[in-house]
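Accompanying notes for the structure given below.
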Amino acid sequence: MTDERIDTNGESEKPKNFLEEIIEGDIKSGKHGGRVLTRFPPEPNGYLHIGHAKSICLNFGLAQRYGGQTNLRFDDTNPVKEDVEYVDSIKEDVRWLGFNWANEVYASDYFEQLYQWAVALISKGLAYVDDQTQEQIRLSRGTVTQPGKPSPWRDRSAEENLDIFARMRAGEYPDGSKVLRAKIDMAHPNMLMRDPILYRIIHAHHHRTGDKWCIYPMYDYAHGQSDSIERITHSICTLEFDVHRPLYDWFIERLDIFPSKQYEFARLNITYTVMSKRKLLELVKEKVVMAWDDPRMPTICGLRRRGYTPEAIRTFAERVGVAKRDNVIDLSLLEFCIREDLNKRAERRMAVLNPLKVVITNYPEGQTEQLEAVNNPEDEGAGKRSVPFSRELYIEQEDFMENPPKKFFRLAPGNEVRLRYAYFITCNEVIKDNDGNIVELRCTYDPASKGGHSPDGRKVQGTMHWVSAQHAVPAEVRLFDRLFTNPDPNDVPDGEDWKTAINPESLKVITAYVEPELAKADVLDKFQFERMGYFCVDTDSTPEKMVFNRTVTLKDTWAKISSK
RNA sequence: UGUCCUGUAGUGUAAUUGGCAACACGUCUGACUCUGGAUCAGAAGAGUCUAGGUUCGACCCCUAGCAGGACAACCA
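Pasting the structure below:
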């Protein structure tokens, strides 16, 4: 493992992040009897993305590490935005990442309790019904530098408030006509403390409570109390909620309920990636991508379809660390994590992406032989397979150069290379079409080099992948690249559409020739196409027409050298 | 302009809680190799935002600046 230190006992120990320090401190001091209960609280209004994965791994990981548990709680307090479609996808994604929640709960489960607490606050003179319009409320809130002004309804009697609030619940008033607000301080330097809204009237159908309610609690009023009801010990959220913490604590103190505590960490950002739900939705709606699970999307389902594994994502979440300062992680770290995982696990296959025909002139016409190939040099247990070889082959176009530069190790006129697991071949003749394009190579092979070894011990510099022309299976291959050309897609000049930074070459569809063994593959099976990268079978794939997605290329030293 | 949060190699995260900075990704060498993959070995790269202060000693504590971020939805 990485990031380890060797302590005096010779045991390795990972450096702790600030949340682990806090939890360990709490356990040591006996807070909550050493109990640890976290929660992952998505709003069911969109698909989960890699940023959520960081939060999921954090919440579940922390609980696991300290013998605790984690609730999956849907923060469903806004019926106009939420839908069961999202509930289902969120559950699927959390499970796929490898986590099991202790309880599946919903903020809407607590609507009655929340209502009762609101009544209690009103009775204590800590909340009131405001009849002002949305506009009036906004205006009277003041600005960050100027205090707000009290509502003319601020001093209604508790009796009157109680009565009106009950009628709000009963559905006597139209949407937007009244709200329930906490009575705190209209001059508070923290805008959120300027008599925040607790309840608003929304006559809308809720995905779980149906039409039972027409008043719905706001986030600030619902979240902390939900934590408290579940007796969450550590409520971990992202930095932008830091400002909300005083309010979070205010409700818990006034209501005198279980003291859950909120802690904030910096959300994940990745180069060449947008992470906002709004922008991701826009990409889907405007058909910039195929869907939420488009392999170019940073959504969990997109990454899954792209060929990422839960293990790689978890490792990534571990390696990006946790802290309170804003951060932007190199996309290369994510790519490193998936390569590292797939290198150990993905079986190797040969596939030619851009075919160039090769005829072995001294190989008997009509002959075919089966050659043995190792499935995964990193894993003995993966076994072997056989690959058909014949007189006519395809190799990669980029593996041949008529006038090669100095350090080009691949095929060139007069040059001998190895065909992986097959033979040494030498190129004798280059055949071109009328436009001068190379269309075929005539080569000879050394029958003694069968299997890829030369009996006389002579070395070749290059080893290339290939497929037998008559045996190869054509397949669609989708070559994905980063969705944006700008490392910071959010950095757009004023007034310009943020989507101008979209990479026009983020998807190239080609027809490749793959070795016949690949025809047995199932959807989502992952392979390394030797020397080309990691690929997985797309959900669009059928036995008649296979479709592969490129997850990530292999590290390509030659590309680096040749581009210099 | 108010309040809060945050400033450590290119990017992230550490530093036994005060003993002059480590690990990972990336970059660059080299070795090895039937993947220009993997693996292995090594290198470069920060003196910790700035200025003061406390201290024998400061990335760590204090003060003042500076920079970045968050907050003015009946969103979460």
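Numbering (this note's numbering), first residue to last: 1454 to 2017.
From the three backbone atoms N, C-alpha and C, an ideal C-beta is built for every residue, glycine too.
Quantities reported herein were computed from a predicted structural model and do not represent experimental measurements.
Query	Result
Short check: CB of Y2024 to CB of A1571, under 8 Å?	As shown, the chain starts at 1454 and ends at 2017. That puts residue 2024 outside it, with no answer to give.
Below 8 Å on the Cβ atoms is my guess for L1550 versus I1753; work out the distance and round it to an integer in Å.	7 Å
Using the beta-carbon count (16 or more within 10 Å), is D1852 buried or exposed?	buried
Restricting to Cα atoms, I'd like to know which of G1629, Q1569, N1807 and F1933 is closest to E1788.	F1933
Where does the unbroken alpha helix (DSSP H) through E1612 begin, and where does it stop?	A1611 to A1623
For C1690, does the three-state DSSP call read helix, strand or coil?	strand
Which two residues bound the contiguous alpha helix (DSSP H) that contains Q1587?	Q1587 to S1593
Considering only the alpha carbon of each residue, which of C1510, D1528 and N1531 lies closest to N1522?	Note that residue 1522 corresponds to Gln in the displayed sequence, not to Asn. Of the listed residues, the one whose Cα sits closest to Q1522 is C1510.
Determine the closest residue to P1649 out of E1538, D1680 and V1696, with distance taken between C-alpha atoms.	V1696
To the nearest angstrom, how far is it from the Cα of S2015 to the Cα of P1857?	11 Å
Quick check on this structure: which residue in P1494, P1908 and A1925 has the alpha carbon closest to the alpha carbon of V1547?	P1494
What residue from K1636, I1503 and T1821 has the CA that sits closest to A1573's CA?	K1636
Starting from E1845, follow its DSSP beta bridges and name the residues at the other end.	V1812
Output yes or no for whether 8 Å exceeds the beta carbon distance between F1527 and Y1559.	yes
Which ranges would you report for the alpha helix (DSSP H) in the stretch 1561-1586 if only whole runs of at least 4 residues count?	1564-1576
For N1512, which of helix, strand or coil comes out of DSSP?	helix
For T1686, does the count of other Cβ atoms within 10 angstroms reach 16, so buried, or fall short, so exposed?	buried
Does the Cβ of S1959 have 16 or more other Cβ atoms within 10 Å, making it buried, or fewer, making it exposed?	buried
Just to confirm my understanding: we take G1578, look at its own chain, exclude 5 residues before and 5 after, and list those with CB closer than 8 Å. What are they?	A1611 and K1636
The alpha helix (DSSP H) that contains G1677, what's its start and end?	Y1672 to E1683
In three-state DSSP terms, what is Y1539?	helix
Measure the C-alpha to C-alpha separation of A1928 and R1801 and round it to an integer number of angstroms.	17 Å
Quick check on DSSP: helix, strand or coil for E1735?	helix
Helix or strand or just coil, what does DSSP make of N2002?	strand
Going by DSSP, what residue range makes up the beta strand (DSSP E) through G1986?	G1986 to V1990
Reducing DSSP to helix, strand and coil, say where A1765 ends up.	helix
Is it buried or exposed, G1483, if we count other Cβ atoms within 10 angstroms and call 16 or more buried?	exposed
When DSSP labels each residue in this structure, what does P1969 get in the three-state scheme?	helix
Note down, in chain order, each residue of its chain lying with its Cβ closer than 8 Å to the Cβ of P1763, except the 5 sequence neighbours on either side.	W1549, L1550 and G1551
Return the residue from the list N1796, P1748, I1766 and M1803 that minimises the CA-CA distance to R1873.	M1803
Are the CB atoms of R1778 and D1991 nearer to each other than 8 Å?	no
How should P1996 be labelled, buried or exposed, when 16 other C-beta atoms within 10 angstroms of its C-beta is the threshold for buried?	exposed
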